[in-house]
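Numbering (full-length UniProt numbering), first residue to last: 1 to 202.
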């Protein structure tokens, strides 16, 4: 319920109701003729359909200039019935419960954010290098660690051999029996060719 004071006594009931109807549905209204007021002014009693609508109308229309007069709007709890008061208390309890739960949720979220470790977004994330096992090539190639040149695959080197360009101590190993047999075979072919020139031409 709202009580509207300082309304000019010019028969402005229709205009006043149109102004308050902007903020909700008006269920009932009447002019309070016996209500104490200033001279040449009227006082109106207005009942809205819901309490939020009445609150919005009071907040917007209070001290509003209406036909060169500042309206004064207040609540009228003296016009409430027991049912109205009970319903208003139930609605108020429901609103308080909602606000309390929202406050609890905010406190829980704040505590959770404080307990979480803070990670800086400015710090670059470097990838962790992956280490793979490497094979020991010394099992395939027999050469010194101090060598300056890589070995040739498939060639076995003596243990004391070094591939350094400055090393001149290496002497190739040749089998003497194999060399003698090769020389004898070449000589035999030369002798056969000399003694039988006809077969050579064929």
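C-beta: ideal position from N, C-alpha, C; glycine also.
Assigned with DSSP and collapsed to three states, residue 110 falls in helix. A direct Cα-to-Cα measurement between residue 34 and residue 57 gives close to 24 Å.
Between residue 5 and residue 72 a beta carbon distance of about 4 Å is seen, short of the 8 Å cut, so the two are scored as contacting. With 16 or more other CB atoms across the displayed protein chains lying within 10 angstroms of its CB, residue 16 is buried. Residue 23 and residue 47 do not touch by the CB rule: their CB atoms are close to 13 Å apart, not below 8 Å. Of the other Cβ atoms in all chains shown, fewer than 16 fall within 10 Å of the Cβ of residue 79; this residue is therefore exposed.
Boundaries of the beta strand (DSSP E) harbouring residue 8: 2–8, taken from the DSSP string. Boundaries of the beta strand (DSSP E) harbouring residue 28: 26–31, taken from the DSSP string. For residue 48, the uninterrupted beta strand (DSSP E) segment begins and ends at 41–48. The beta carbon of residue 37 sits closer than 7 Å to the beta carbons of 5, 43 from its chain, once the five residues preceding and following it are set aside; these are given in chain order. Under the DSSP definition of a beta bridge, residue 73 partners with 4. Scanning its chain for C-beta atoms nearer than 8 Å, with the 5 sequence neighbours on each side dropped, one finds around residue 68 the residues 8, in chain order.
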